[in-house]
Amino acid sequence: MNNFDYQMFLNGNDDEFSEMFLQGTTSNMPSSMPLFNNGMNTMPNNNNMNNSTNNNMNGILYTPYEGFTKGNMFRNLYEPFMNYTPIRLTPKNAQEEALLNLDQMHFAMHELNLYLDNYPDDKQMIDKFNEFRTAYEKLLNEYQSKYGPIEITSPYMTTSPFAWTKDAWPWDRRNF
Amino acid sequence: MWKYEKRLQYPVNIKSKDLQMAKYLVTQYGGSNGEMAAALRYLNQRYTMPDERGKALLTDIGTEELAHIEMICTMIYQLTKDATIDELKAVGLGGHYSEHNKALYPTNADGVPFTVTYFATTGDPIADLYEDMAAEQKARAVYENLITMTNDPEVIGPLLWLRQREVVHFNRFKELCDYYKSIGLK
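Sequence order for the protein chains is V and Y.
Quick note on this note's numbering: the first sequence kicks off at 74 and runs consecutively.
Quick note on this note's numbering: the second sequence kicks off at 485 and runs consecutively.
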C-alpha cells in the first residue's frame, strides 16, 4: 500500500498543474522554479508565512494546494487511480479564491490532525500543524469579514437580516 | 458536540444533469460501503477504543465522513434538481419520486434503504479496526467503479478526491491497528 513511487509522479503531471494555478493567481513566479523547495509559495495569499520550517518537511508533505487537490497531504500515502489526474481547481473570482485558500488550509490542518492522533509525540509535525492552524484562522477571519459566516461563531454576525441565513448554502453554491 | 461549517470539504460544482449517474452515486450515500455507514461505524465504535489515540482517530475520521455525506448529497442534488418526472421514470427513479419526490433519501443503487446492518461493532479494537480497514478498501473500490462510469469531469473530480480519502483513512486505521498489536492488544 505504501510502495507507490511518488518521485515518478512528481516528475510528471504534478509540475504542470501547479504551474497552471500559479499563472492564474500569483504574479512574477518563474515557471521553472523548483517545486517543493518552499512549500508555501504555491499557495496564494501567503505573504506572512514563515518558511523557515518548511524545507525539512517537503520530503514528507505536499503543499496545502497540492495536497488539497490530491486529497492527501502525505507523499508516501498518495495513490493515483489509473491515468486520472486531480482536477485543477482554478477560482473564477476573489470569493472563490478566498474559499479555496480556506478549504486547502483547513484540509492541511485536518490531515496533520489525523496523523497526530496516531503519532502524538511528533513535535515537528505539531509545529507544522500549528503553522497551518494559524494560517487557517487568519484566512477564516478574512473570508468571514468579506463574504459572510462559515461558522456561527463568526465575529461578523451583527448585521440585519441575520447573516447566517443570508448567503447560499453549500449545495446551492454552484461554485466553490 | 459538533460544529457546522457552512462550506463543503471539497468543492462540488456540477452543471450537467445526469440522472443515471445520480442513481448509481446514491450508493455512496446509503449503500453498504457508503459514507453514512462509514460515519456511523466510526462514531459508534469510538467509545470502546482502548486509548486516547483510538478515541481521537475514530472521532476525527467519523467526523470527516459526515462532511463526505454532505459532498455526495450535494452531487446527487445537483445531478437531479432539474429533472422532469418522465426523465426520472426513464432511469428507474419513478419509485423514488413516488415516495420522496426529488428529496434525498439514503439508499443503495437499487433503491434499497440504508440499514445499520451495514456496519458492525464488536468492542474488540483489533476486530473493529480490521472492519474499518476493509470498509475503506471497499469504499475505494466503489469509487473507482463510479469514476469509470462517467465522463463528466465535474463528477470525476470530487469522486477522485473522495477515493483518495479512503486511501488515507485506510492507512491511518492500519497504523493504529499495527500499534495496538505491537503493544500486545489482541
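All C-beta atoms in this analysis are idealised placements derived from N, C-alpha and C, irrespective of residue type, glycine included.
Residue nearest to residue i in terms of C-alpha spacing, selected from the options
| i | options | result |
| --- | --- | --- |
| Glu548(Y) | Ala521(Y), Val600(Y), Gly595(Y) and Pro637(Y) | Ala521(Y) |
| Glu184(V) | Tyr135(V), Pro243(V) and Arg246(V) | Tyr135(V) |
| Gly538(Y) | Thr207(V), Asn191(V) and Leu175(V) | Asn191(V) |
| Glu519(Y) | Glu536(Y), Gln504(Y), Asn497(Y) and Ala551(Y) | Ala551(Y) |
| Asp535(Y) | Tyr209(V), Asp240(V), Asn214(V) and Pro193(V) | Pro193(V) |
| Asp662(Y) | Arg647(Y), Tyr614(Y), Val639(Y) and Leu492(Y) | Tyr614(Y) |
| Leu546(Y) | Thr532(Y), Glu554(Y) and Tyr526(Y) | The sequence given here places Gly at residue 546(Y); Leu does not occur at that position. Comparing Cα positions, the closest option is Tyr526(Y). |
| Asp245(V) | Lys499(Y), Asp570(Y), Tyr513(Y) and Ser666(Y) | Lys499(Y) |
| Tyr664(Y) | Ile610(Y), Thr543(Y) and Trp486(Y) | Ile610(Y) |
Within chain Y, the residues that residue i reaches when beta carbons sit closer than 9 Å
| i | result |
| --- | --- |
| Ile223(V) | Glu489, Lys490 and Arg491 |
| Leu172(V) | Arg491 and Pro495 |
Backbone CA spacing between residue i and residue j [nearest angstrom]
| i | j | result |
| --- | --- | --- |
| Lys558(Y) | Asp200(V) | Looking at the sequence itself, residue 558(Y) is Thr, so the reference to Lys does not match. Cα-Cα distance, rounded: 35 Å. |
| Ile556(Y) | Asn131(V) | 32 Å |
| Gly515(Y) | Thr238(V) | 32 Å |
| Glu139(V) | Asp608(Y) | 37 Å |
| Glu92(V) | Tyr220(V) | Confidence in Glu92(V) is poor, its pLDDT being 33 and thus under 50, which makes the residue's placement unreliable; the coordinate value appears in the next sentence. Distance between the alpha carbons of Glu92(V) and Tyr220(V): 28 Å. |
| Trp242(V) | Glu489(Y) | 10 Å |
| Leu162(V) | Leu644(Y) | 13 Å |
| Asn203(V) | Asp195(V) | 13 Å |
| Glu170(V) | Glu152(V) | 27 Å |
| Arg206(V) | Leu213(V) | 10 Å |
| Asn118(V) | Ala587(Y) | Reliability fails at Asn118(V), whose pLDDT of 36 lies under 50, so the model's placement of it is uncertain and the value that follows must be treated cautiously. If you take the alpha carbons of Asn118(V) and Ala587(Y), they lie about 39 Å apart. |
| Gln493(Y) | Lys622(Y) | 22 Å |
| Thr226(V) | Gln217(V) | 10 Å |
| Tyr561(Y) | Ala567(Y) | 10 Å |
| Phe603(Y) | Asn528(Y) | 10 Å |
Within chain V, partners of residue i - CB distance below 9 Å
| i | result |
| --- | --- |
| Asp544(Y) | His183, Asn186, Leu187 and Asp190 |
| Arg525(Y) | Chain V residues near Arg525(Y): none, gap ~16 Å exceeds 9 Å. |
| Leu660(Y) | Asp190 and Asn191 |
Chain Y contact residues for residue i, given Cβ-Cβ distances below 8 Å
| i | result |
| --- | --- |
| Leu150(V) | Val651, Val652 and Asn655 |
Contacts of residue i in chain V (Cβ-Cβ under 8 Å)
| i | result |
| --- | --- |
| Ile631(Y) | Phe154 and Tyr157 |
| Leu644(Y) | Gly144, Phe154, Tyr157, Pro159 and Ile160 |
| Gly641(Y) | Pro159 and Ile160 |
| Tyr614(Y) | Per Cβ cutoff of 8 Å: no residues; Tyr614(Y) is ~14 Å from chain V at best. |
Heavy atom of the ligand MN within 7 Å of residue i beta-carbon
| i | result |
| --- | --- |
| Arg148(V) | Questions concerning the ligand MN fall outside what the structure shown contains, since it holds no ligand whatsoever. |
Identity of the residues DSSP links to residue i by a beta bridge
| i | result |
| --- | --- |
| Leu134(V) | Phe147(V) |
| Thr591(Y) | Pro597(Y) |
Per-residue contacts from residue i into chain V (C-beta, under 7 Å)
| i | result |
| --- | --- |
| Thr558(Y) | Pro243 and Trp244 |
*Counting Cβ pairs closer than 8 Å, one from the segment 612-627 of chain Y and one from the segment 593-601 of chain Y, do we hit at least three?*
Touching, no, given that fewer than three Cβ pairs across the two stretches are closer than 8 Å.
_Count Cβ pairs between the segment 650-661 of chain Y and the segment 145-156 of chain V that sit closer than 8 Å; are there 3 or more?_
Two segments are said to touch when three or more pairs of C-beta atoms, one from each, lie closer than 8 Å; by this definition the segment 650-661 of chain Y touches the segment 145-156 of chain V.
_Three-pair Cβ contact test at 8 Å for the segment 573-584 of chain Y versus the segment 496-509 of chain Y_ = The segment 573-584 of chain Y and the segment 496-509 of chain Y touch, with no fewer than 3 CB-CB distances between them shorter than 8 Å.
*Contact the segment 633-643 of chain Y vs the segment 172-186 of chain V: 3+ CB pairs below 8 Å*: No: the two stretches stay apart, fewer than three of their Cβ pairs being nearer than 8 Å.
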